[in-house]
Each structure stands twice: as C-alpha cells, then as structure tokens.
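*Asks:* Top to bottom, those sequences are chains A, B, C, D, E and F.
Letter by letter, the first sequence follows residues 1 to 135 of our numbering.
Letter by letter, the second sequence follows residues 1001 to 1135 of our numbering.
Letter by letter, the third sequence follows residues 2001 to 2135 of our numbering.
Letter by letter, the fourth sequence follows residues 3001 to 3135 of our numbering.
Letter by letter, the fifth sequence follows residues 4001 to 4135 of our numbering.
Letter by letter, the sixth sequence follows residues 5001 to 5135 of our numbering.
Take this structure, written in structure tokens, and hold onto it; I'll ask about it next.
There are 6 protein chains.
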Amino acid sequence: MSTVSLPDDPEADPRVKQVFDDIRATRGSEFINLLWKYLAFDPPLLKQVWDDVKSVMAEPSALDSKTKEMIYVAVSIANSCSYCVHSHTAAARAKGMSDAEHADLLRVVSTASKTNALLNGLQVPVDPQFNRETG
Amino acid sequence: MSTVSLPDDPEADPRVKQVFDDIRATRGSEFINLLWKYLAFDPPLLKQVWDDVKSVMAEPSALDSKTKEMIYVAVSIANSCSYCVHSHTAAARAKGMSDAEHADLLRVVSTASKTNALLNGLQVPVDPQFNRETG
Amino acid sequence: MSTVSLPDDPEADPRVKQVFDDIRATRGSEFINLLWKYLAFDPPLLKQVWDDVKSVMAEPSALDSKTKEMIYVAVSIANSCSYCVHSHTAAARAKGMSDAEHADLLRVVSTASKTNALLNGLQVPVDPQFNRETG
Amino acid sequence: MSTVSLPDDPEADPRVKQVFDDIRATRGSEFINLLWKYLAFDPPLLKQVWDDVKSVMAEPSALDSKTKEMIYVAVSIANSCSYCVHSHTAAARAKGMSDAEHADLLRVVSTASKTNALLNGLQVPVDPQFNRETG
Amino acid sequence: MSTVSLPDDPEADPRVKQVFDDIRATRGSEFINLLWKYLAFDPPLLKQVWDDVKSVMAEPSALDSKTKEMIYVAVSIANSCSYCVHSHTAAARAKGMSDAEHADLLRVVSTASKTNALLNGLQVPVDPQFNRETG
Amino acid sequence: MSTVSLPDDPEADPRVKQVFDDIRATRGSEFINLLWKYLAFDPPLLKQVWDDVKSVMAEPSALDSKTKEMIYVAVSIANSCSYCVHSHTAAARAKGMSDAEHADLLRVVSTASKTNALLNGLQVPVDPQFNRETG
C-alpha cells in the first residue's frame, strides 16, 4: 500500500522507458525494483532521482562500490527506512559483502548510535584538536 | 557547557586512570578527548562505553579501520551528533581517509538521505526479491 | 497489531462519544480513522490530542488547509511515521493536493533531507546574515 | 541567534503576562527560561505550548514528576534537541534526579539507541507474543 | 522478512546455546524472542548485544526495572523502531506498567517531541542557568 | 569549526566560479552563503548539490517558492539541522513568509511531531481507506 498509484504499464511513457532502459543497462539485469516502478507516477522525478543515484553509486569514485553500499545501509538504518535497508543490504551483498562484513557493519552502526545518544545527552564541547583548519 | 560536571582531576580515581591508560595504549597517543573526560563523572559508565567502542573499533574485524570510521561518521551525520561527526571525521582522516574519500562519503550519505525520505514518503512495498531467505 | 487494545465499543464511554461526535462534525464525515479508535483506550489523552490537532489543523489560520497538510506530511516523512504519512497524504489530497503537487512535495522533502545530511556532515558555521535580530 | 526576534518587553502584552504569571506560580520561581521569552513573539502559540506542557508535566498523573522529566530527557536526546536536553536535565535534577540516576538514564538511552539501530538493520518480524490483544 | 537468515537450529552452536541459556535464566522464562534468534546468525554479535542489554536492564541499578523499560520505550518511539516499541512495551507491562502509566508515558513522549520540534525551529540559545558547572 | 577547510580563494577554481556566478544570477544577489563556500572544497560535489537545489527550489513548479521554502524548513527542523533551519527560515522570509505564517508553520511542525511520536508508540494499523489504489 503506497501513497501513490503504481502505473499499469509504466514503460508506455517514453520518458519512463528511457530511465528503465538505463537502469537495466547500468545494472546488467532485467530486474527493476518497485521503487522505480512507483516513481514512474512522475517521470521527471523518476529521472532526477535515478540520475542522482546513478552518478553517486554506479560511477567510479574514490570509494569502491561495496563500501558505498554499506554506507548507504548505515544511513538507511539511522533514518529508519525499511525499504532502503532491504534494497541496499541486497545491493551490498551483490557487490560482495560477506556475512561477517554484514555483522561488522551492524556492530559499527549500533555502537555509533549508542555513543551518538550518549554525546547528545552529555552535550560535551568539541575538542579544539578536531578543528580541521587549526587542529 | 555540558549536562554533567567535568571532574577536576579525573585520574585521581583509579577506575578512571585504568581506562585512560588503556585509551592511551590502544591509540598510541597521549591525547584523551573530552568525551572520556566528561564520562569520568561515572566510572562504570566510562568503562562500559570504552570497552564497547574499543572492541568494535580498535580490534581487528571483517572491515578495515578506515571503513569502520567512515560508517561511524555516516551514522553520526544521520543522528545529528555534532561532537561525533567532528571526532570520527578526525579519526577517519587519521586512518587515511583522503579529501576525495571524504567528499565521496558525504555524497553517499546525502543521496541516501534523499532516497530514504522519498521512500518514507512513497511507502513502497518491499520487493520479494530482497528476501534473504527466499529471494 | 498495536501496543494497546482497541476498545470493543469505544463510544459507550460518553467522553469518547463526545470527541468522536466532534471529529464527525468538524470533518463533515462519518469516517473515524483508527488512530482515534485506538486512542479511546485513554479518553483524556484522546481528548487532549484531538483538541490540539483540531485547533492547529481545522481552525482558520495564517496558512491554508492544503499547505498545512503538506507540511504535516513533510514532517511525518522525516520522522518515519508510516501511519502519519498515509493519513496526512490522504488528507492533503482531500484538501486539493494534485499529483503534480504531491510530486513537488516529495521533491522538496527529499532534496531538503539531502542537504540536511550534507550540512550535518560539514558542520558549517551559520552566516551572521541569517540573524533575525541583526542580519 | 534565534530564527525569531526576542521581544524587548514581552510582558507588555497582557496575553504574555498572563502566561508568564502562570509559569511563575506553577513553578514557584521567578525564573522564566528563554524558550518562553522567545515564544512570546506569538502569544497564542506561547499559550498553547505552555498549556500543553503544564497539563502533562505539572499536573498530578500516573507517573511522578522526576520520572516524567527523565523520559522527557530521553526523548530530547533521541531527537537531538540541545536546548531541551539542557533544560529538562536541569528540571530532572530539580525534581531530585541524582548523579547515579542521571548516569543510569544515559546508560538506558544509549543502549536503547544501540538496539534500535540493530533492529532497524535486521528488520526482524515482531513476535506474535507481543500482541496486546492476543499475546 | 529480515536482512539476515534465521538459523534453522541456532542452539546447535554452543556459543548461541550459552547465550540463550543465560537469557532464559535471567528472565525466568523459556520464551526467546525473535531478535535473539535472528542475531544468532553471528554468535559474537549476539553475545555482545545480550551482555550489554543484560548489564543495563537486568542488573540492579539506580533506577528500577519498570522505569528503565519505560525510558527504553520512549527512545524506541523517537527512533521509530517498531520491533523495539512492541518488545519493550511488553517488557514494561511485565514489570508492572499499568494502562494509566502507559498513557502517561505516551503523553510525555508526544509532548516532548512537540517542544523538541519547536525548539529546533526557534533555535533559542541555552539559558546560562542550566549550566551544571556554574548555574 | 567545520570538518573541511574553507578554501582561501574558492573562485580561483573556474569550476567553483561558474557555480558561484550561477548562484548570484539565480538569486539576483551578490551574497554567497557559507554552505557553498565550504562545499568548494570539492567542486564536483558543489556543482551536483547546487544543480539539485536550483532545479527543485528555483525553477517554477507546482508549488510556489514560499511554500517550498516552508516545507524545507519543516524537514530541516525534523532532521535537527541548525544551519538549514536558519538559512531556509531566512529564505522563506525573503519569499514573503510573515511572522504569523512562521508561527503557523511552527505550530503545524510541532503538532505533527507530537502525533508522529504518538503513532509510533501506538503502532496503529493503517486504515484501508487511505489506500490510494483502492481506498
């Protein structure tokens, strides 16, 4: 149950078809996950989001793909986005994340959340040594 | 300005001194950042938090130290913990994170936050293909 | 599956009936959504929450009803409240939000979430020009 | 630096004076903290917020005042509201929270945040035994 | 549908059996809720999380068990962790939380969330009187 | 104190100058706020973020500019981004938001946060009537 209607035949709109074709080509797979199908309710939004995600996640950059997917999972956990946790955990596995790495990711995310709460409770001033410009 | 009092001479308490000594030995540095000094207001809590952070971040595990610090930064950003963002960005740099990797980290975290919001707004059902047990 | 029990016949309690009657009169509809039915487990809390929501959302104020419902959706997305996203998206539509406005709302919410994360990661100081009192 | 202007003489407005008098009478203190002074930029909002906080926090209810203030601190930590953490930690102390109780509060809040993240990462289905209606 | 596989016979691993036995002994109940069963996918993580939760929640400390469970619920609500809200509401009831206390808890959590948002919107400076060290 | 270094002369880099010129032209103002100056540490990230914000906020769309800025403020409050609350409240005022509309915005955001928490605590099932496809 979504807040928008899933289009009956999203690729009937050539703007949607173009994005879906690019998703398939970029991923080397016929599978289009539901996010993109629902986003087809507004083709310009679909295109803008896909272009953003593609440029950040699919193009070569300083970090490797597996690390980027694991960071994506970490953020999705903290933002409590169930769909995103599922889809990016699957993506991280597809990029090679092992069970041990998944457990380690969860260990870091949960411990970070613990100390985040502790610091927000303590309201400790930031050490001047952390200053990038002078520290 | 913290919600607890910074102890005048925290290492006068041997329980605190033991933790501080372990922090110094583990990090190979004399620097004790303010989090630990303020946490000394309750030595058992100080010890419990340090033991947890040390076991997750300082002991060898499936992920390397730099990646773990970057994931820590990602979570701290999402949880809006200013101190944690500063301290773990500094730690990630100390573990070798370059400016380009830092920019890439921010790129992934901000784009993940964008799609997290989008999915929370769309309430798209999770694809059965993401099911770890059957997918 | 809720954390409280749905009362069998909530309107048997006159305090509940009074609130439900006011909900029906205010909205001009017989439909009482489940939030209010579950809240009937504690009639004073039911009344306090309804009075608050009614005064903010149903009474004339500086902003029009459609805009207020869209802001409500934006907050509910950021707080990851699935029920609230569903109920207030439906309310915004009932107040006239078009598909194009819904897409625009999602576009603003997701881009705001992106730059929120970026700024929390960068920890940029606030420009003095934004100071309402001197800027 | 606030997003609204602090009124020069807020109590010149009788609607503000009435609320401030009630704050002083309810608390038995002349001290009006800055939240209320800034909120005086919009007297109806000031009154609505004070009435809500007063009815929840100052009137006798199932939970005692100290416990309610500690719960308030816990929520404020999780929502990363610096002002609220400071003001309600001070309020909890004024209601009798000891240093040991403060440390215990921080211990529970930080461990809860840890397992919250873990569960959001694992996406474990809810046990039917937790069902209030059938469990 | 979880992001990890539920082990077929988790207690076949003696590290898991040891933790499960401790859960049963600590709680005086045969019931092992699903969190722990899923966590068995990584026995060291299972043990670390259980040890942390046990030391904070099951051992005597400054706050009583019911209060600690209610604080846990408050944090879980703010972090939008559905599983945690269910499991710790059930735990708080098991420790004696009445319906009236549950309603009061929800009243405090929701009003705190309201003023948290208000303060984050107003960006009011913190009163110097709240300073623990000088105030 | 930021986590990145403010470049000494950011416009010495032609990629930065091009973006800054576009910011000035789009806004009809010489003022470049600090976010963009700090983002100049990584010109591609600067360009990607500006292009996204410009397309969403500065180009004509279904919603008017003032409404979009108010929605931006609402999200920034919920995500506890202090810089964003300041900059987008100033932007909303520049687009015509009155004091009364600002108060109304804060009223809606804070009441939404209250019911978001309440629903996350109650875990009420979503009414089938909210289903966009069948409701």
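We put the beta carbon where it would ideally sit given N, CA and C, even for glycine.
What do you reckon, are the CB atoms on D:VAL3109 and E:ILE4071 nearer than 9 Å?
*Replies:* Yes.
*Asks:* Does E:GLN4129 pass the burial test, meaning 16 or more other C-beta atoms within 10 Å, or should it be called exposed?
*Replies:* Exposed: under 16 other Cβ atoms inside 10 Å.
*Asks:* Where A:LEU106 and B:ASP1022 are concerned, what is the direct C-alpha to C-alpha distance, given to the nearest angstrom?
*Replies:* If I take the Cα positions, the gap works out to 25 Å.
*Asks:* According to DSSP, simplified to helix, strand and coil, what is E:VAL4108?
*Replies:* DSSP places E:VAL4108 in helix when its eight states are reduced to three.
*Asks:* Buried or exposed for B:GLY1121, going by 16 or more other Cβ atoms inside 10 Å?
*Replies:* Burial call: buried.
*Asks:* Pull up the distance between the alpha-carbon of A:PRO43 and that of A:ARG15, whole angstroms please.
*Replies:* One C-alpha to the other measures close to 6 Å.
*Asks:* One question on the structure: do D:LYS3047 and D:VAL3004 come within less than 9 Å of each other, judged by their Cβ atoms?
*Replies:* Contact: no.
*Asks:* In chain order, which continuous runs of the alpha helix (DSSP H) of length 4 or greater are located wholly inside the region 4064-4091 of chain E?
*Replies:* Fully enclosed alpha helix (DSSP H) runs of 4 or longer: 4065-4078.
*Asks:* Buried or exposed for D:ALA3091, please, with buried defined as at least 16 other CB atoms from any protein chain shown within 10 angstroms of its CB.
*Replies:* Its Cβ being crowded by 16 or more others within 10 Å, D:ALA3091 is buried.
*Asks:* Below 7 Å on C-beta distance, what does D:SER3080 contact in chain A?
*Replies:* What D:SER3080 touches in chain A: ASN120.
*Asks:* Go through the region 1019-1055 of chain B residue by residue and report every complete run of the alpha helix (DSSP H) that reaches 4 residues or more, in order.
*Replies:* List check, alpha helix (DSSP H) in window: 1034-1039 and 1043-1053.
*Asks:* What does the Cβ neighbour count give for D:ASP3104, buried or exposed, with the cut at 16 atoms within 10 Å?
*Replies:* So D:ASP3104 ends up on the buried side.
*Asks:* Measure the CB-CB distance between C:ALA2040 and F:ALA5078 and report whether it falls below 9 Å.
*Replies:* Contact flag unset, no.
*Asks:* Quick one, which residues of the region 2002-2024 of chain C are near chain E if we go by CB-CB under 8 Å, in chain order?
*Replies:* Cβ contacts with chain E: THR2003 and VAL2004.
*Asks:* Listing by chain order, which chain C residues have their CB less than 8 Å from the CB of E:VAL4053?
*Replies:* Those do not exist, as E:VAL4053 stays about 20 Å from chain C at its closest Cβ, beyond 8 Å.
*Asks:* Do C:ALA2100 and B:ALA1117 have their CB atoms nearer than 9 Å?
*Replies:* Result no, Cβ atoms of C:ALA2100 and B:ALA1117 do not sit closer than 9 Å.
*Asks:* Who are the near neighbours of D:GLY3135 in its chain, counting only those whose CB is closer than 7 Å to its CB and skipping five residues on each side?
*Replies:* Residue placement at D:GLY3135 is flagged as unreliable, the pLDDT there being 48, under the threshold of 50; the coordinate-derived value follows with that caveat. Excluding residues within five positions, the ones whose Cβ falls inside 7 Å are PRO3128 and GLN3129.
*Asks:* Just to confirm my understanding: we take B:SER1002, look at its own chain, exclude 5 residues before and 5 after, and list those with CB closer than 6 Å. What are they?
*Replies:* Counting only Cβ-Cβ distances below 6 Å, and skipping sequence neighbours, we find TYR1038.
*Asks:* Which one of A:GLU69, A:ASP9 and A:LYS17 has the shortest CA to CA distance from A:ALA94?
*Replies:* With distances taken between Cα atoms, A:ALA94 lies closest to A:GLU69.
*Asks:* Would you say C:VAL2075 lies against chain B (beta-carbon separation less than 9 Å)?
*Replies:* Chain B contact via Cβ: absent.
*Asks:* Any beta-carbon of chain E closer than 9 Å to the one on C:PHE2041?
*Replies:* Cβ-Cβ to chain E under 9 Å: yes for C:PHE2041.
*Asks:* Taking 9 Å as the CB-CB limit, is C:VAL2124 close to chain A?
*Replies:* Closer than 9 Å: no.
*Asks:* Quick check: the Cα distance between C:PHE2086 and C:THR2026, rounded to an integer number of angstroms?
*Replies:* The amino acid at residue 2086 of chain C is misidentified as Phe; the sequence shows His. Cα-Cα distance, rounded: 20 Å.
*Asks:* If the cut is a Cβ gap below 8 Å, which residues of chain A does C:VAL2108 touch?
*Replies:* Result: empty, since nearest Cβ-Cβ is about 11 Å, beyond 8 Å.
*Asks:* Taking 9 Å as the CB-CB cut-off, is F:LYS5216 touching chain C?
*Replies:* Nothing about residue 5216 of chain F can be read from this structure; chain F reaches only from 5001 to 5135.
*Asks:* Check the Cβ-Cβ distances between E:ARG4132 and every residue of chain B, and say whether any is below 9 Å.
*Replies:* Closer than 9 Å: yes.
*Asks:* Using only CA atoms, which one of A:MET97, A:ASP8 and A:THR115 lies nearest to B:ALA1062?
*Replies:* Taking only the C-alpha atoms, the option nearest B:ALA1062 is A:MET97.
*Asks:* Under 8 Å Cβ-Cβ, which residues of chain B neighbour C:THR2115?
*Replies:* Those are SER1110, listed as they occur along chain B.
*Asks:* Determine the contact status of B:LEU1035 and B:LEU1006, defining contact as a CB-CB distance below 9 Å.
*Replies:* Against a cut-off of 9 Å, the Cβ pair of B:LEU1006 and B:LEU1035 comes out as no contact.
*Asks:* Could you check what DSSP says for D:MET3097 in three-state terms: helix, strand or coil?
*Replies:* Residue state, collapsed to three classes: coil.
*Asks:* In angstroms with no decimal places, state the Cα-to-Cα distance between E:CYS4084 and D:LYS3066.
*Replies:* Cα-Cα distance, rounded: 24 Å.
*Asks:* My output table needs one value for A:VAL124: the three-state DSSP class, helix, strand or coil.
*Replies:* Three-state result, A:VAL124: coil.
*Asks:* Name the chain B residues that come within less than 8 Å of C:VAL2085, Cβ to Cβ?
*Replies:* Per Cβ cutoff of 8 Å: ASN1120, GLY1121 and GLN1123.
*Asks:* What residue from B:VAL1053, B:ASP1051 and B:ASN1131 has the CA that sits closest to A:SER82's CA?
*Replies:* Here the closest residue by C-alpha is B:ASN1131.
*Asks:* Straight-line CA distance for C:ILE2032 to C:ARG2024?
*Replies:* Rounded to the nearest angstrom, the two C-alpha atoms are 7 Å apart.
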